[in-house]
Every structure is written in structure tokens, then in C-alpha cells.
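Order-wise, the sequence lines are chains H and V. All residue numbers for the first sequence refer to this note's numbering, where the first residue is 1 and numbers rise by one. All residue numbers for the second sequence refer to this note's numbering, where the first residue is 101 and numbers rise by one. Note that the Cβ used here is the ideal one computed from N, Cα and C, for glycine as well. All figures in this text were calculated on a predicted structure; none of them were measured in a lab.
Protein chains: 2
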Amino acid sequence: MEDTYGQRDRARGIQASLAWLIEEVGELSQSLRKGDHADRMHEFADVLAWAFSLANQADVDLEAAVERYAHGCPKCGAVPCTCP
Amino acid sequence: MEDTYGQRDRARGIQASLAWLIEEVGELSQSLRKGDHADRMHEFADVLAWAFSLANQADVDLEAAVERYAHGCPKCGAVPCTCP
């Protein structure tokens with residue numbers, strides 16, 4: 001992702017990349033309502049691609065970020081989650 | 101994620117999970133505007149967590165989905181992307 005889009009993404013900036021992410025979330029939403037499995041694969045990939053792009057620009061390591069969920073629910077601490 | 105939230109997520113359903121994803125995208129947006137690095141880590145993790153949840157419910161394998169971006173830009177085919 002960095003090799004393919006890193007330079008373009010940084011030139012675009014965080015606000016513009018956020019707009020793209022939201023556009024892709026809209027397309028994902030439509031695919032969940034009326035798309036087939038291939039459409040959904042495509043749209044999930046696009047949402048993740050823009051999330052990666054944004055994270056790169058914000059100096060966030062996504063693998064480190066998702067550690068938040070690695071040991072159960074970050075709110076109640078349980079597996080499975082027992083939050084009300 | 102499946103162990104922690106799978107059962108709750110399926111009980112909640114896709115439309116409700118989509119609403120949660122969008123709420124988290126809103127929180128991510130705010131963290132990018134005025135949050136610090138820890139806030140952004142937290143919000144990126146939450147967005148990814150809801151994306152995983154939705155993908156599970158839609159029978160989409162996210163690792164397979166992101167293969168779409170594994171060999172350069174899926175539109176122009178190039179690394180780096182040369183789309184207009």
C-alpha cells in the first residue's frame with residue numbers, strides 16, 4: 001500500500017483521504033444492502049485500503065493499534081464481552 | 101474478535117453493526133482533527149474492529165479481500181499507482 005499509494009496519499013492530505021474513506025464506507029453500505037459476495041469483498045478491501053492510507057498519514061501503526069482488542073474486550077476485559 | 105464479539109455481533113445484525121462502524125468513523129474523524137496520537141490509535145482500532153465484525157457477519161474473509169491491493173493499484177495495475 002505504501003509503495004502503491006504513499007506518495008499520492010501524502011500529497012492529498014488527511015482531510016481528503018478521510019472524505020475518500022467515507023465515500024467507500026457508503027459503497028460498502030450499499031453492497032451490504034444489495035450487493036453480492038464479490039461486491040462486498042471489493043468494498044471491504046477499499047474501506048481497509050483507505051483506513052491504511054489514513055493511518056500511514058497519521059503515523060499510526062495499525063497492527064499496534066489493533067492490539068487494543070488482542071486480549072478480549074478493551075472495556076470489560078472479558079472473552080466473550082460482557083458489557084451491558 | 102470472533103471469540104470476544106461474534107455472538108453479540110450476530111445478534112445485533114448487519115444494519116446495527118454498520119451504524120456502529122459509522123459512529124466510529126466519526127470518532128476517528130474527530131481524533132484526526134483534534135486528538136493526540138493515543139486517541140488516534142484507539143479510534144483506528146475501533147474502526148477496524150467494527151469492519152472485522154461486519155465482514156464476519158457478511159461472510160467476507162478480510163485477508164482474502166485485501167489481496168485486491170496486493171499487486172499494485174487494482175485500477176491501473178501499477179506500483180506506484182498512475183491513475184489520473
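Neighbour flag for residue i against chain V, beta carbons, 8 Å
| i | result |
| --- | --- |
| G72/H | yes |
| A65/H | yes |
| A49/H | yes |
| D59/H | yes |
Neighbour list for residue i in chain V, Cβ cutoff strictly below 9 Å
| i | result |
| --- | --- |
| Q30/H | Near Q30/H there are no residues of chain V at all, since even the closest Cβ is about 11 Å away, more than 9 Å. |
Contacts around residue i, its chain only, beta-carbon distance under 7 Å, and the 5 residues preceding and following it disregarded
| i | result |
| --- | --- |
| C183/V | C173, K175, C176 |
| L62/H | F52, A55 |
| R10/H | Q57 |
| Y105/V | S153 |
| A138/V | none |
Close-in-space but distant-in-sequence residues of the same chain around residue i (CB under 6 Å, 5 per side omitted)
| i | result |
| --- | --- |
| R68/H | P74 |
| W20/H | W50 |
Nearest-angstrom Cβ-Cβ length linking residue i and residue j, presumed shorter than 8 Å
| i | j | result |
| --- | --- | --- |
| S153/V | S131/V | Actually they are not in contact, since the Cβ atoms of S153/V and S131/V sit about 20 Å apart, beyond 8 Å. |
| A151/V | M41/H | Between M41/H and A151/V the Cβ distance is about 13 Å, and since that is not below 8 Å, they are no contact. |
| E143/V | E127/V | 5 Å |
| V147/V | V125/V | 6 Å |
| V66/H | A145/V | 5 Å |
| L58/H | I14/H | The residue asked about is misnamed: residue 58/H is Ala in this sequence, not Leu. The pair is a contact, with the Cβ atoms about 7 Å apart (cut-off 8 Å). |
Under 9 Å by beta carbon: chain H residues contacting residue i
| i | result |
| --- | --- |
| D103/V | G72, V79, P80 |
Cβ-based neighbour list, residue i, same chain, cut-off 8 Å, excluding 5 preceding and 5 following
| i | result |
| --- | --- |
| C181/V | G172, C173, K175 |
Neighbour list for residue i in chain V, Cβ cutoff strictly below 7 Å
| i | result |
| --- | --- |
| A55/H | F144 |
Interface residues of chain H facing residue i [CB-CB closer than 7 Å]
| i | result |
| --- | --- |
| R112/V | The contacting residues do not exist; R112/V stays about 12 Å from chain H at best. |
Exercise. Hey, which unbroken runs of the alpha helix (DSSP H) at 4 residues or more fall wholly within the segment 150 to 180 of chain V?
Worked result: Runs found: 162 to 165.
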